[in-house]
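The block underneath contains the structure these notes are about, expressed in structure tokens.
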Amino acid sequence: MGKLKAVVVVTMISTVLLSILWRATLHLEDNESFVRCLLDHSHPSHPISSAIYTPKSSSFSSVLESYIRNLRFNESSTPKPFLILTALHESHIQAAVTCGKSHGVQMKIRSGGHDYEGLSYVSTLPFFLLDMFNLRSIDVDIETETAWVQTGATLGEVFYRIAEKSKTHGFPAGVCPTVGVGGHISGAGYGNMMRKYGVSADNVLDALIIDANGRLLDRQSMGEDLFWAIRGAGGASFAVVLAYKIKLVRVPKTVTVFQVDRTLEEDATDIVDQWQHVAYNLPQELFIRLMLDVVVKSSGEKTLRASFVSLFLGDSESLLSIMKERFPKLGLSKSDCIETSWVKSVLFWSNIPLETDIQVLLDRTPQTLDYLKRKSDYVREPIPKAGLESLWKKMMELEKPRMYFNPYGGKMAEIAAEEIPFPHRAGNLWKIQYLANWNEAGIEAANRYIDLTRRLHEFMTPFVSKNPRQAFLNYRDADLGSSSHGKASNSEARLNGMKWFMGNFDRLVQIKTEVDPTNFFSYEQSIPLLPHQVHLDDDM
1 MGKLKAVVVV TMISTVLLSI LWRATLHLED NESFVRCLLD HSHPSHPISS AIYTPKSSSF
61 SSVLESYIRN LRFNESSTPK PFLILTALHE SHIQAAVTCG KSHGVQMKIR SGGHDYEGLS
121 YVSTLPFFLL DMFNLRSIDV DIETETAWVQ TGATLGEVFY RIAEKSKTHG FPAGVCPTVG
181 VGGHISGAGY GNMMRKYGVS ADNVLDALII DANGRLLDRQ SMGEDLFWAI RGAGGASFAV
241 VLAYKIKLVR VPKTVTVFQV DRTLEEDATD IVDQWQHVAY NLPQELFIRL MLDVVVKSSG
301 EKTLRASFVS LFLGDSESLL SIMKERFPKL GLSKSDCIET SWVKSVLFWS NIPLETDIQV
361 LLDRTPQTLD YLKRKSDYVR EPIPKAGLES LWKKMMELEK PRMYFNPYGG KMAEIAAEEI
421 PFPHRAGNLW KIQYLANWNE AGIEAANRYI DLTRRLHEFM TPFVSKNPRQ AFLNYRDADL
481 GSSSHGKASN SEARLNGMKW FMGNFDRLVQ IKTEVDPTNF FSYEQSIPLL PHQVHLDDDM
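Structure below.
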């Protein structure tokens, strides 16, 4: 019996090993077939071979990791693509779409890698990565006050190229210079000029895309519906966005920035209370972000710190006059104010010394990399002072998570909610970003910090928007649910989609169904197809 059992065990092990070997061989054959497909669809004048990286390539890992901005998704256990295509030409994108569809594999699209949940470069399904970082040309035309920007460019590169041509033009976009243009603009994008000029996507005039049929289309040929969708609903649900034509905005030669910190012992509660009643109603040229975190006093006791960080499109004298009349409790003084150029203000907001040459904006690598978690909310009514005091207690209890309050009003309240898919307009006083950063590796640390962030978010429930509880798409948050790569039940997908798009969700589903009926452009939180379309596809 002992020998028989041994034979059975050996046979079972052999069967398992053969099964694993067979699947690995099949997978390898599929991958080789995919590579052959890419090569077969390569244009002779733009060969694709140098843009293909497989796990056999010596630089595969370095290419994959070079644009991972959240260390949570750079672990050995993180699912990896079976191939990376670092497109060098539009024809490479067309080949990727053609071969991805014919082989039935998922394509993830990455521009700058700042996706908070790694959705642009991680999947539980077999997938390949279309990396856009080589496609980053920027053509600025000051005469027409426009620029064509490829989606692999970073915001810092855009700001630098504008400043090369003009000291009185800028673009309303984020304050982190290493963020990629593709994800930023397609998900709406915002920055410290949004109260004057709206979100980034409000300032897009045209676009170039590769659609689900591999066609290169501009605004006219793609049609107004699809052009509407890729300005705020995330391009990766509909197409590969190759470039955006953006509208430059006027900025004064001199702008003013400041950061003023106040703790609870320095009347932070009263100052924050006044901020929440005036920040959304200040002149459009003035943006004051409120940052909240817990710090330790010299006595060893914890306290709450409120930091007020501002950009004013004007000189310090004008700013001081406004602040004295409208926000006196902050006690802003002349010595707090720094006059500089608009492009230099980007350095200030990025915590880069102002004396640094603006060429630093061309550096595509962040100053630091951390493990992180983000969440978002919208506030429609000022928080009662008692609510603020309870928030301080909760933050000191949790200690690690921080909060950023970004004021709305101004131009944001003037643009209709349906103008682009991004719907968070009139009635929203400010947006909250919840932040947790840590540098401890491992799942236990990640779970601890993520739980702390969720608990702070849960605590804020009485004070934020309701039915639905709104969220900002570009602050990617896996907690908000998944469309199961566009195949969730319609009710579930709609419940999630309404948080990001409100009344615009149904139109997005209709457009998605029309332009990508086979759901090739899908990811964990992508726009779903109409229910009957999903049913038909699943039966095929």
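Just so you know, we're using the UniProt record's numbering here: the sequence shown kicks off at 1 and counts up by one.
We put the CB at the ideal spot given by N, CA and C, even for glycine.
Is it right to say residue i is buried, meaning 16 or more other beta carbons lie within 10 angstroms of its own, or is it exposed?
i              : result
valine 295     : exposed
asparagine 467 : exposed
isoleucine 527 : buried
glycine 223    : exposed
lysine 253     : exposed
serine 298     : exposed
serine 62      : exposed
threonine 367  : Just to set this straight, residue 367 is glutamine in the shown sequence, not threonine. When all chains shown are included, glutamine 367 counts as exposed.
asparagine 281 : exposed
alanine 95     : buried
asparagine 192 : buried
aspartate 516  : buried
arginine 289   : buried
serine 522     : buried
What does the alpha-carbon distance come out to for the pair residue i and residue j?
i              : j                 : result
residue 548    : glutamate 266     : Look at the range of the chain in this structure, 1 to 540, and you will see that residue 548 is not part of it.
proline 81     : leucine 64        : 9 angstroms
isoleucine 415 : leucine 208       : 24 angstroms
aspartate 141  : aspartate 506     : 37 angstroms
serine 335     : methionine 323    : 14 angstroms
tryptophan 275 : glutamate 389     : 15 angstroms
cysteine 176   : glycine 497       : 27 angstroms
tyrosine 475   : tyrosine 378      : 12 angstroms
histidine 43   : valine 35         : 14 angstroms
asparagine 134 : glycine 152       : 6 angstroms
valine 158     : valine 149        : 8 angstroms
leucine 264    : leucine 129       : 48 angstroms
alanine 212    : phenylalanine 520 : 7 angstroms
tyrosine 116   : glutamate 524     : 13 angstroms
alanine 173    : leucine 286       : 15 angstroms
tyrosine 190   : isoleucine 68     : 21 angstroms
aspartate 131  : leucine 71        : 18 angstroms
serine 66      : arginine 326      : 46 angstroms
serine 33      : leucine 39        : 10 angstroms
asparagine 437 : tyrosine 449      : 8 angstroms
aspartate 139  : alanine 243       : 11 angstroms
lysine 431     : serine 310        : 16 angstroms
threonine 146  : histidine 169     : 10 angstroms
leucine 529    : tryptophan 349    : 40 angstroms
serine 45      : leucine 88        : 12 angstroms
proline 401    : arginine 219      : 42 angstroms
valine 251     : asparagine 31     : 51 angstroms
Quick one: what does DSSP say residue i is sitting in, helix, strand or coil?
i                 : result
lysine 431        : strand
glycine 359       : Sequence check: residue 359 is glutamine here, not glycine. Reduced to three states, the DSSP call for glutamine 359 is helix.
isoleucine 52     : strand
histidine 89      : coil
isoleucine 210    : strand
methionine 107    : strand
valine 140        : strand
lysine 247        : strand
leucine 282       : coil
serine 491        : helix
leucine 530       : coil
serine 310        : strand
threonine 461     : helix
aspartate 267     : coil
methionine 194    : helix
asparagine 203    : helix
glycine 503       : helix
serine 345        : helix
threonine 78      : coil
threonine 25      : In this predicted model, threonine 25 has a pLDDT of only 37, less than 50, meaning its place in the structure is not dependable enough to derive any value.
glutamate 444     : helix
phenylalanine 405 : strand
valine 379        : strand
Whole-angstrom Cβ separation of residue i and residue j, contact assumed at under 8 angstroms?
i              : j                 : result
alanine 201    : isoleucine 185    : 6 angstroms
glycine 387    : phenylalanine 463 : 6 angstroms
isoleucine 246 : valine 204        : 6 angstroms
glutamate 419  : glycine 503       : About 12 angstroms; that fails the 8 angstroms criterion.
isoleucine 511 : leucine 226       : 6 angstroms
leucine 473    : glycine 187       : 5 angstroms
lysine 375     : threonine 453     : 6 angstroms
threonine 98   : glycine 214       : 5 angstroms
query: Counting Cβ pairs closer than 8 angstroms, one from the stretch 413-431 and one from the stretch 352-372, do we hit at least three?
result: Segments in contact, no.
The stretch 43-55 / the stretch 81-99 touching (three or more Cβ pairs under 8 angstroms): yes
task: Spell out a yes or no on whether the stretch 393-410 and the stretch 98-117 are touching, meaning 3 or more CB-CB pairs, one atom from each, closer than 8 angstroms.
output: no
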